[in-house]
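Asker:
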Amino acid sequence: MSIYVIRPGETDYDAQGRVQGSLNLPLTPRGIEQVEDIVSLLRETELSAIYASPT
Numbered sequence: 739m740s741i742y743v744i745r746p747g748e749t750d751y752d753a754q755g756r757v758q759g760s761l762n763l764p765l766t767p768r769g770i771e772q773v774e775d776i777v778s779l780l781r782e783t784e785l786s787a788i789y790a791s792p793t
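So for the sequence shown, my numbering puts the first residue at 739; every next one is plus one.
1. On the three-state DSSP scale, how would you describe residue 785?
2. Inspect the CB distances between the segment 769-789 and the segment 743-754 and report whether three or more fall short of 8 angstroms.
3. Measuring CB to CB, does residue 766 end up less than 8 angstroms from residue 787?
4. According to DSSP, simplified to helix, strand and coil, what is residue 765?
5. Smallest Cα separation from residue 739: which of 790, 785 and 750?
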């Protein structure tokens, strides 16, 4: 069994070292690239369950 823990992509607040709490901030260009990279890595992976936090 494999378990994958995936963080969200970078936002401006992340880049500035600020806490964003539950704000729904847009991703930076780097954050978009991070998400695209993880999608590419997991595209062919068969997942039996996905768990996500509520925020």
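Cβ atoms here follow ideal geometry from the backbone N, Cα and C, with glycine treated the same way.
Keep in mind it's a predicted model, so treat the numbers as computed, not measured.
Answerer: Reading it off the structure:
1. coil
2. yes
3. no
4. strand
5. 785
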